[in-house]
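Colleague:
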Amino acid sequence: MHTSRTVKRRVKKIGLPAGSLVYTGEKKRDGINMMLVDYDASHSEARILKQPEECLAYKLKPSMTWINVDGVHDPVLLEQLGECFGLHRLVTEDLMSIVQRPKCEDYGDYLFVVLKMLAYDERENKIVPEQVSLIIGQHFLLSFQEDVKGDVFHLVRDHLRRGKGKIRKMDTDYLAYALLDVLVDNYFTTLEKLGDRIDRLEEALMMQPDKALIERLYQLKRELLFFHKAVWPLREVISSLIRRESSLIQASTIPYLRDVYDHVVQAVDSVEIYREMLTTMLDLYLSSVSYRTNEIMKVLTIIATIFMPLTFLAGVYGMNFRYMPELEWEYGYLLIWLVMLGLGIIMLTYFKKKKWM
Amino acid sequence: MHTSRTVKRRVKKIGLPAGSLVYTGEKKRDGINMMLVDYDASHSEARILKQPEECLAYKLKPSMTWINVDGVHDPVLLEQLGECFGLHRLVTEDLMSIVQRPKCEDYGDYLFVVLKMLAYDERENKIVPEQVSLIIGQHFLLSFQEDVKGDVFHLVRDHLRRGKGKIRKMDTDYLAYALLDVLVDNYFTTLEKLGDRIDRLEEALMMQPDKALIERLYQLKRELLFFHKAVWPLREVISSLIRRESSLIQASTIPYLRDVYDHVVQAVDSVEIYREMLTTMLDLYLSSVSYRTNEIMKVLTIIATIFMPLTFLAGVYGMNFRYMPELEWEYGYLLIWLVMLGLGIIMLTYFKKKKWM
Amino acid sequence: MHTSRTVKRRVKKIGLPAGSLVYTGEKKRDGINMMLVDYDASHSEARILKQPEECLAYKLKPSMTWINVDGVHDPVLLEQLGECFGLHRLVTEDLMSIVQRPKCEDYGDYLFVVLKMLAYDERENKIVPEQVSLIIGQHFLLSFQEDVKGDVFHLVRDHLRRGKGKIRKMDTDYLAYALLDVLVDNYFTTLEKLGDRIDRLEEALMMQPDKALIERLYQLKRELLFFHKAVWPLREVISSLIRRESSLIQASTIPYLRDVYDHVVQAVDSVEIYREMLTTMLDLYLSSVSYRTNEIMKVLTIIATIFMPLTFLAGVYGMNFRYMPELEWEYGYLLIWLVMLGLGIIMLTYFKKKKWM
Amino acid sequence: MHTSRTVKRRVKKIGLPAGSLVYTGEKKRDGINMMLVDYDASHSEARILKQPEECLAYKLKPSMTWINVDGVHDPVLLEQLGECFGLHRLVTEDLMSIVQRPKCEDYGDYLFVVLKMLAYDERENKIVPEQVSLIIGQHFLLSFQEDVKGDVFHLVRDHLRRGKGKIRKMDTDYLAYALLDVLVDNYFTTLEKLGDRIDRLEEALMMQPDKALIERLYQLKRELLFFHKAVWPLREVISSLIRRESSLIQASTIPYLRDVYDHVVQAVDSVEIYREMLTTMLDLYLSSVSYRTNEIMKVLTIIATIFMPLTFLAGVYGMNFRYMPELEWEYGYLLIWLVMLGLGIIMLTYFKKKKWM
Amino acid sequence: MHTSRTVKRRVKKIGLPAGSLVYTGEKKRDGINMMLVDYDASHSEARILKQPEECLAYKLKPSMTWINVDGVHDPVLLEQLGECFGLHRLVTEDLMSIVQRPKCEDYGDYLFVVLKMLAYDERENKIVPEQVSLIIGQHFLLSFQEDVKGDVFHLVRDHLRRGKGKIRKMDTDYLAYALLDVLVDNYFTTLEKLGDRIDRLEEALMMQPDKALIERLYQLKRELLFFHKAVWPLREVISSLIRRESSLIQASTIPYLRDVYDHVVQAVDSVEIYREMLTTMLDLYLSSVSYRTNEIMKVLTIIATIFMPLTFLAGVYGMNFRYMPELEWEYGYLLIWLVMLGLGIIMLTYFKKKKWM
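Put into structure tokens, the structure is as follows:
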């Protein structure tokens, strides 16, 4: 369960002084991958870093420098990198603590942005969150991903290499926009899969209510609740960037950020619509079960109301009293059949009138 | 499903650099229709444009120029048009991406307004959304509709041609108001049809609860949810125009925009009332099914409670024990009938007292 | 249904240019009634106007002029009146369009206030809305009511004639207050009647849940929903008057407006309490039906559980096997009665222990 | 019902000009009690006033003057008092109209504060509201209570007489705080009693769901709804005093008012918790009734499923066909018993497996 | 119950003048523990205080002084301590009154912060609240805990003693941050335990709905409601510290407080997710019970519908009429068996078609 996991990871750090570098993830991943891209309008150079110190040379150059770090479980390396770029100790701590809520903090020289990537695991039918942090500085940008595998930024790197779009002509705030855009686009891929599951569930519920469907509905509700809580604060994050409280965000980037903002709002809207639909589907299910119970009760009542009096009558003439005049009548048997038939027809007419049939 | 569709269209654009012109609709429509109207207080001229460049001549003239484009699936044409009027590349991109949320963006030289037209397809009983975008500039206005067929602006064009009202005497911000007004009026046509369906559903539910009604109710709820999400942001859009953050909106137009604003608020109010009514109707249905189940149970219980003891008694005197003195009594049979009748009457009295009958 | 009606009336005006004078009510009423009252501290003169132009003479005088118009279905007359007092064309349009939401607009020379009168039709058990508009100008006030019959302002006219209170000593903003006060008082008369119906419904539900009650509850909910939507925006209307955004409202009138504001808030509060009570009453009804079903099920189960085994036993000894030793016993019949009695007592004890009886 | 009562009292005043002094309570109380306390740091004098004019002498003195009036049903007396202290006519009107919402109005020379005392009638199990008004002026304070009996301010009077605490050393704003504090403390006494009833109800519901409990729950919900509506606006009232919009409130009194504010917020919090608990208890009740119905159904179904087939079998061998070979078998009777026993055991095993037993 | 307890404690103080020192806890604890830590960058000294006056010497020194008081039930001692540090009498009163809502008050020379520690008692499965108050002054900090046992601040004391982190180099506002951090971390420990219980409950509900589970769910809901109400105001408390309304909070401490703020928001988020999950689980339970009732009804109806007609038939041929031709047929018995079998098969086919089996 997502929430429990967040809470549990947070508990790991209890008792340590502020600024303690502790990785709160579940287990150590294989290694850390540092990829540097140095670019300006005319060139673009990509290389893999072995040591954090290697980036110092690039930092001094007027060209843009983007360092992407895959894996945040190595305190030593992150500390060195943090020192290179003059990061506050709390920022370095937060990079490693993968239970942050999306937020945007202005440290003067740089902006610290935390957000969540939400992939969708189709086998286990659940959302897999991954924390992504961005440090947006003057001519440099650091990005951190939890996991070594599954780099989502390769598209941006590709655009940089091939000089596609205007990305190479702009400052690192535009690069930050490009990365944010990729992450938010990702939400829609996940939303699409959730939407497909909801559609299938809806169809199934219309066909035949079933207990298993309700458990699926419950799980979907939980995933959407989690999605909502992870994306909702992002509105405020991007909106604070747009308000240009920091000089690191240039006026020309604002329209692009506004675009991302629109997408986030749309993602939140979609989640809210999904959630309301699930709530209505639960009501639909409940009323459908009540209706079926009602239908079943009708059948039972009709059967019982018809056959109980008849069985009673048959019972009466099965009694062994010595003096039962009807038994001796020649047409007694025929008569009793007629009486029973008449009774049956009266009952059926009554049920027809009551619209039970 | 609307939401899935929005999400799916959004997914189409993933991985492209910002400003990529991609049509996100379902399939190419037949062609694009560009209609120019040039007017001032004294004249009005309408013509169909073949090439976007033709509008340049009109743009320079002091008279008002309105270009309406039906169909947004041709990137080349939109790009040319965008360049003619100096539009930001993101705006041209948004024109083609028909999954925008209603919004109003101020680009200094022009305002970019996106909103939704919500037609109602009576055969399929669902809302068909169409994106409409307006570019409000100095003496020019561009309007974009998704679909070639079903132009809703013919009324405004008619007023322009015939010089009805004060539309020809005013600037393009008044024209923008006139177009907004047409679109918002459209909401009420759709609301009227939804309202009629709700009325019919209400009547049907009062008559005879039925499972099919609940599915109709569920579909109506979803349509209203969609309507609400599409119209709600329009409040903010028009309200930002009224606040006159842009010099393109003149003081004399404000009362008219305020009028449209009132209509939007009223549309939102109506949707909210409809939604609350549907929720209450679902409760009504549920309580009505419970009540019916209760009624059916009463009948079953009354029948069972009366005939089970009687059948038992008849069964007792159908036993074949050798020594059963009652069987030999002369009036045994009469007596047992009296006992059974008495028992039945006692039961019925009990049920009367309990108000089950 | 109120909402449908509002939507339908709005639809009537689609396609007309702004400022078109169209009456959106259901049918033409009998005639229009114009009543002028001219007053100052020392005198008060009332007369019925035949032509709108007659008011021009009064307008120029320094004394206060109040013109009340009953009936808004005559575009010619309203247009003339509007021109006399220099009203914006949109205002004249809104006067006739009786589907306005309560609002307050400042046109500089005058304030335009729209609100709703909510009478209660006791025969049809529903709220009958009527639109009332006020134009508050320098030394003049125009008031418009939909209906010719049932003038609610006679009390104010009476106070003016008899010089009761301070009304004649004050400007027209105080007169506006007096009219608002009458209208808001009216809400409480309607609320009282709704409250009485809720009380009766509550009592009935406590006595005996019944399906008809639920339909009454549903109708009450809808009326309250409508009431709420009509009164809620009035808070903002009066609050904007109190903030004295217009110089037409004098400081000495503010405490009086504050008083009306308190009443509106109290009316809204009452409606909200009523609505919550109805929601709780629905829950009460549902739980009461469940409880009754439960009770009925207990009776059925007790009867079935006692008599089914007994009937089975009787059936066993009604079998016609040749060799059934028990049948030959001398006390067989007595014995079987004892067994059956014992079984019945055991069952009853079991139900007692389970607290089913 | 509280709300109906409020609405009904409001209706009493309809049609009267502003400033009409009308007592809106249910019936005249016995008499009016005016108690004056004049005090400063060194002395304290208490006397009962016969005439409002008697207070004029005290008003001029620099010492503090507190006049408490029990009973607000005498317009003449209140008018005289209002004139002595220069009260606005609307204030005097509001003093008598005991349906005010809690509010705080600044009339420059004095503050007018209205709030509700909420006693709890343990015999009738409902909240009895009483309106308390305070006029806080320069060196004087007037307090008004609805009822002559049951003065809650005796504690404050006692502190004044005995010079306990710092109350005699401070201005009348501190006295106002002391009175507010007494009233808010009163809320907790009422809350305690409501809390006790909720606790008892909770216990009873856990033991044995019962229909009567639901009616108690419903009544509690209504009382809490009323309490909430009466206390909620008090937050704003006291908060506006704290913001020191009036010079009558001195800086040294602010911490004390902040203290009262905290208590009010806490009272509101408690009411909200109580209300949520009642909502959850209703859900608990409903699910508990469903569960019981389910349990009862299981018993019924088990009994019916076991005995219906058996009774059928017994019925078969009670038939009177001439050629029924089984009846002639020597061990036929034994065999049928074995078959029936086997059938019963199979059924029971099936129910065990389904976890119905 | 928490709320009742809060209300009851508040009631204890009714009738006392402001500033009365009354301990509102349940009973006197064993004794009071005063622990002083005096520290600066170079040294750290800890000692147990016997008398409050002992702290005066430390107060004058430029080094930082932290006094932690365990136990707040001794008015004399708290009064002396309050006088040493010049505390407002209301603050001293609030220290003893352990029913405060979390709040932050600025008294100029010092800040007064109240918050709640929420431990989790695993045996009784409930949250045990404890009030913690902080007085943040120039170079001194006082902290107060309700209980002598279970000091949570030993970690901070340990860091101070060993000079770990930057705590000794900073002012007392950083110390306050460290203490807040410990307390908020504590929330996550409690949340973790609540989360575990929710997980177990969820699993149990999926396996087998049971009435006892619903009571557990109800208790969990109440605990979370309490948790929410206790933590929610803390957001505002810390946020007001961050806004630096007081000069006692230094700029360098802000990032740390922002960190605590993030944690509080995350705790609130987690509680809200937990609460929504419980609500959905209740719905799940209810729909699951309905579904089961439906299943049981099906079995009952199938059995009754099959065997009632058959038993009736058997009853018919058990009648003792003299003239019943079928009884005499040679293959009558065989025939009736075939008829009954056929009837049974028809019924089963019908149920199969209706998907009841």
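Chains as they are written, first to last, in my numbering: chain A, 1 to 357; chain B, 358 to 714; chain C, 715 to 1071; chain D, 1072 to 1428; chain E, 1429 to 1785.
Idealized CB from N, CA, C, for every residue including glycine.
Since this is a predicted model, take the numbers as computed values, not measurements.
Quick check on residue 1408 of chain D: buried or exposed, where buried means 16 or more other Cβ atoms within 10 Å of its Cβ?
Modeller: exposed
Colleague: Taking the C-alpha atoms as reference points, what is the distance between residue 1537 of chain E and residue 582 of chain B?
Modeller: 54 Å
Colleague: Taking only the alpha-carbon atoms, compute the straight-line gap between residue 275 of chain A and residue 221 of chain A and give it to the nearest angstrom.
Modeller: 7 Å
Colleague: Where are the beta strand (DSSP E) runs, 3 residues long or more, that stay fully inside the region 1129 to 1215 of chain D, in chain order?
Modeller: Unbroken beta strand (DSSP E) runs of no fewer than 3 residues, entirely contained in the region 1129 to 1215 of chain D, are found at 1135 to 1141, 1174 to 1177, 1181 to 1192, 1197 to 1208, following chain order.
Colleague: Scan the region 1356 to 1389 of chain D for residues whose Cβ lies nearer than 7 Å to a Cβ of chain C and list them as they occur along the chain.
Modeller: Under the 7 Å Cβ criterion, the region 1356 to 1389 of chain D contributes 1356, 1357, 1360, 1361, 1363, 1364, 1367, 1368, 1370, 1371, 1374, 1375, 1378, 1381, 1382, 1385, 1386, 1388, 1389.
Colleague: Going by the DSSP bridge assignment, what does residue 403 of chain B pair with across the sheet?
Modeller: B:394
Colleague: Spell out a yes or no on whether the region 202 to 218 of chain A and the region 247 to 264 of chain A are touching, meaning 3 or more CB-CB pairs, one atom from each, closer than 8 Å.
Modeller: no
Colleague: Could you tell me whether the Cβ of residue 981 of chain C comes closer than 8 Å to any Cβ of chain B?
Modeller: no
Colleague: Compute the beta-carbon to beta-carbon distance between residue 476 of chain B and residue 529 of chain B, rounded to the nearest angstrom, for a pair I have assumed lies under 8 Å.
Modeller: In this structure, residue 476 of chain B and residue 529 of chain B do not form a Cβ contact; the two beta carbons are roughly 26 Å apart against a cut-off of 8 Å.
Colleague: For the region 243 to 270 of chain A, which residues have a beta carbon sitting closer than 7 Å to at least one beta carbon of chain B?
Modeller: 255, 256, 258, 259, 262, 265, 266, 269, 270
Colleague: Does the region 361 to 370 of chain B come close enough to the region 307 to 325 of chain A to have 3 or more Cβ pairs within less than 8 Å?
Modeller: no
Colleague: How long is the line joining the alpha carbons of residue 794 of chain C and residue 952 of chain C, rounded to whole angstroms?
Modeller: 29 Å
Colleague: In chain order, what residues of the region 1628 to 1652 of chain E put their CB closer than 7 Å to some CB of chain D?
Modeller: 1636, 1639, 1642, 1643, 1646, 1649, 1650
Colleague: As a quick exercise: from E:1515, E:1623, E:1740, E:1651, pick the residue whose alpha carbon is nearest that of residue 1539 of chain E.
Modeller: E:1515
Colleague: Using a Cβ cut-off of 9 Å, which residues of the region 90 to 116 of chain A contact any Cβ in chain E, in chain order?
Modeller: 90, 91, 93, 94, 99, 100, 101, 103, 105, 107
Colleague: If you measure from the beta carbon of residue 1056 of chain C to each beta carbon in chain B, is any gap under 8 Å?
Modeller: no
Colleague: Identify the contact partners of residue 375 of chain B in chain A, using a Cβ-Cβ distance below 9 Å as the criterion.
Modeller: 165, 166, 167, 174, 177, 178, 181, 256, 259
Colleague: Using beta-carbon positions only, say whether residue 1574 of chain E and residue 1558 of chain E come within less than 8 Å of one another.
Modeller: yes
Colleague: Cβ atoms of residue 974 of chain C and residue 894 of chain C: under 8 Å apart, would you say?
Modeller: yes
Colleague: Starting from the beta carbon of residue 1711 of chain E, find every residue of chain A whose beta carbon is closer than 7 Å, and list them in chain order.
Modeller: 282
Colleague: So which residues on chain B does residue 943 of chain C lean against when the C-beta distance must stay under 7 Å?
Modeller: 626, 630
Colleague: Quick one: does residue 1554 of chain E have its CB under 8 Å from some CB of chain D?
Modeller: no
Colleague: Looking at the unbroken alpha helix (DSSP H) that takes in residue 267 of chain A, where does it start and where does it end?
Modeller: Counting along the chain, residue 267 of chain A sits inside the alpha helix (DSSP H) bounded by residues 254 to 316.
Colleague: For the region 694 to 708 of chain B and the region 639 to 647 of chain B, state whether three or more C-beta atom pairs, one from each stretch, are separated by less than 8 Å.
Modeller: no
Colleague: Do you know offhand how far residue 301 of chain A's Cα is from residue 701 of chain B's?
Modeller: 19 Å
Colleague: Determine, using beta carbons only, whether residue 1204 of chain D and residue 1211 of chain D come nearer to each other than 8 Å.
Modeller: no
Colleague: Just to confirm my understanding: we take residue 699 of chain B, look at its own chain, exclude 5 residues before and 5 after, and list those with CB closer than 6 Å. What are they?
Modeller: none
Colleague: Give a yes or no on whether the minimum CB-CB distance between residue 1429 of chain E and chain A is below 8 Å.
Modeller: Below a pLDDT of 50, predicted positions are generally treated as unreliable, and residue 1429 of chain E, at 49, falls in that range; the measurement from the model is reported next regardless. No, residue 1429 of chain E does not count as interfacial toward chain A.
Colleague: For residue 909 of chain C, would you say it is in contact with chain D, using Cβ-to-Cβ distances shorter than 8 Å as the test?
Modeller: yes
Colleague: I believe residue 429 of chain B touches residue 453 of chain B by the beta-carbon criterion, under 8 Å. Please report the beta-carbon distance rounded to the nearest angstrom.
Modeller: 5 Å
Colleague: What does the alpha-carbon distance come out to for the pair residue 1077 of chain D and residue 1498 of chain E?
Modeller: Those two C-alpha atoms are separated by around 50 Å.
Colleague: Could you check which residue in A:351, A:44, A:94 has the C-alpha nearest to that of residue 75 of chain A?
Modeller: A:94
Colleague: Do residue 1107 of chain D and residue 1136 of chain D have their CB atoms nearer than 8 Å?
Modeller: yes
Colleague: Mind checking residue 661 of chain B: buried by the 16 CB within 10 Å criterion, or exposed?
Modeller: buried
Colleague: Which of the three DSSP states, helix, strand or coil, is assigned to residue 563 of chain B?
Modeller: helix
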